[in-house]
Amino acid sequence: YNVDFDNMKQTNQQSNNSRGIRRVAGFAEVSWEYQDDNGLLVQFYDEDTNEIESLYRDNGLNVAAKTKKLSWNKGYNSMYTFTFTSEKKDDKGAVVEVLGTQKNEDSGKVRQLKRTPKKMPWAVEGYGVSGDKNALAQLHQLQAAAAASAPVVATPPTPVVAAVTTTTTVAAPDATTTTTTAAVVVAPAAVVPSAAFALIRAPTLSLPTYWEKANLFDALGGNHEIYLQPANAKHKIEYDTITKLVQDSIGKKVNIVHVMRLENAALYSFYAMTRMTIASGEAYLTGSGKGTTDGANEQMLFTGERIATNMAAIKKFGFDLRVAPADGAFGQGLYFGAKASFADNGRCIQNPDGTKDMFVCRVTVGKSAVGAKSIRRPPPLDPSKPTMALYDSCTDGNHPPQTYVLFNSKQVYAEYIVRYI
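Spelled out as structure tokens, the structure:
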């Protein structure tokens, strides 16, 4: 036999008969995704991708293929019907995309499906803060100031956790106000030497006083990972609060393996400056609350990332709008959930031992308007003045919002990673 890969043909040299051939991607080379309620494509976990890929290969197009063997179906035993409706091929005849539907026969819920090549990790060169020239210039200035002052910060006091109620989320255009409550870790002021005080005295540059590696920049660039120990009195309230946020909103029983606090001085400084800017803008517009962060409407929200190297990039450089999904129903931005279930439903990385890792993020949402599919920034506060003040974020339109969309990565600080099973 001669195999011609240029023309994708196989020829029997004795009979001279030819057949067309095509390459079928290996199971590990493809990704099946479903469209969630926010219009975003969310990747199935490997166990489910393999089951759906088998149904597609065994049944082909326009055949109702049924299965109950799906990871999220354990304990429910619902029947799911998968129908694959179309294929897109390249010039070699290889399938590069498959579309279809998934139907829960019990509830009647139908979701759109898509099969694509496996997603690759992001290229981290120029990612996040490292790709923002203005941010880098500010970063270098802070580094130079920190090196000159060589601060030594005292051991921080025990943190306190408080429930903070905010009322600035607005759904345009009817200006309906909703009230939300978020647990926020606060603490009494730390004792800081005068050399360091010059760096952190302004509210925009203040690092959390409960951090344990409080130097703005050190040998690790002010970037540390602290595992919270529930048996440690200094960690217990913080650990209990974060685990409760996850367990109360994930929608199922889970066990917490560990909680990691991310102490990234550079990223937090940019976040704090942005938070203060939004709060100051709100104070200017309303004439109240000036000099406080009340108008920031800070929330603790949830998200995840499926690729380990991408998670590492977020921890070091923060979130980056340039890799944000373009297919969201409420804007082309960064999506965060008010409940942990948002991250758990396919967004969190699954480790080889079956555990998952979830980001719990500090997010300044400010004033919010209902989003729209095509937008790349929030709408103006006054539609008659489109170049003037804008809303700070968008939502899914629910009351209270279940999904927030951010268009400025410095409005988000990934503060914790929670591992659970």
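Quick note: the sequence shown, position 178, residue 178 per my numbering, numbers continuous.
Using N, Cα and C, we set each Cβ at its ideal position, and we do this for glycine too.
For HIS224, the CB contacts under 7 Å within the same chain, skipping 5 residues up- and downstream, are LYS213, GLU263 in chain order.
With respect to THR49, VAL63 sits apart: the two C-beta atoms are not nearer than 9 Å. Between GLU298 and THR387, the alpha-carbon positions lie close to 25 Å from each other. In this structure, the CA atom of ILE314 is about 24 Å from the CA atom of VAL30. Shown here for GLU47: same chain residues with a beta carbon closer than 7 Å to its own, the five before and five after excluded, namely SER71 in chain order. DSSP places TYR268 within a helical segment (H, G or I) once states are collapsed to three. DSSP, reduced to helix, strand and coil, places LYS244 within a helical segment of the structure shown.
At the C-beta level, ASP327 and GLN35 come within 9 Å of one another. Judged by DSSP in its simplified three-state form, ASN232 adopts coil rather than helix or strand. Inclusion of MET300 and VAL363 in the CB contact set at 9 Å is warranted, their separation being smaller than that value. Burial state of GLY251 is exposed, judged by a 10 Å Cβ sphere holding fewer than 16 other Cβ atoms.
As the crow flies, the alpha-carbon of LYS373 is around 42 Å from that of GLN229. Excluding five sequence positions before and after TYR45, the CB atoms of its chain that fall closer than 8 Å to its own CB belong to SER71, GLY346, GLN350, given in chain order.
By a beta-carbon distance limit of 8 Å, ASN408 does not contact THR303. Their separation comes to about 15 Å. In the same chain as TYR413, and ignoring 5 residues on each side of it, the C-beta atoms closer than 7 Å to its own belong to LEU267, TYR268, TYR271, CYS361, ARG362, in chain order. Between the C-alpha atoms of GLN411 and MET358 there is a straight-line separation of about 19 Å.
Proximity to ILE421 across TYR391, VAL246, ILE375 peaks at VAL246, based on C-alpha coordinates. If you draw a straight line from the Cα of LYS69 to the Cα of GLU51, it is about 7 Å long. LYS339 has its alpha-carbon roughly 20 Å from the corresponding atom of MET311. Apart from sequence neighbours up to five positions away, the residues of its chain that approach ASP90 with a beta-carbon distance below 6 Å are VAL96, ordered along the chain.
If you check the CB distance, THR85 and GLY100 come in under 9 Å. For PRO325, the closest C-alpha among the options SER280, SER15, LEU41 is that of LEU41. Per DSSP, reduced to three states, the secondary structure at TYR416 is strand. For the 9 Å CB-CB criterion, GLY333 and LEU406 form a contact. Its Cα nearest to that of GLY331, the residue ILE375 stands out among PHE342, VAL370, ILE375, ALA343. The alpha-carbon of GLN13 is positioned some 40 Å away from that of LYS114. Closest by C-alpha distance to THR309, out of ASP392, LYS236, TYR416, LYS119, is LYS119. Checking the DSSP bridge columns, you'll see GLN112 partnered with THR101.
DSSP places TYR80 within a strand segment (E or B) once states are collapsed to three. Residue environment analysis places PRO117 among the exposed positions, since fewer than 16 neighbouring C-beta atoms fall within 10 angstroms of its C-beta. With respect to the C-alpha of TYR391, the residue from LEU55, GLY295, ASP37, LYS234 having the closest C-alpha is GLY295. The beta carbon of THR243 lies closer than 6 Å to those of ILE256 in the same chain, with the five residues before and after it left out.
Its chain contains HIS258, MET260 as the residues whose beta carbon lies nearer than 7 Å to that of TYR227, once the 5 sequence neighbours on both sides are disregarded; these appear in chain order. Taking C-beta separations shorter than 8 Å and ignoring five residues to either side along the sequence, the partners of LEU61 in its chain run PHE84, THR85, SER86, GLU87, following chain order. By the C-beta density criterion, LYS74 is exposed, having fewer than 16 other C-beta atoms within 10 angstroms. Nearest to VAL254 by C-alpha distance, out of LEU207, LYS367, ASP344, is ASP344.
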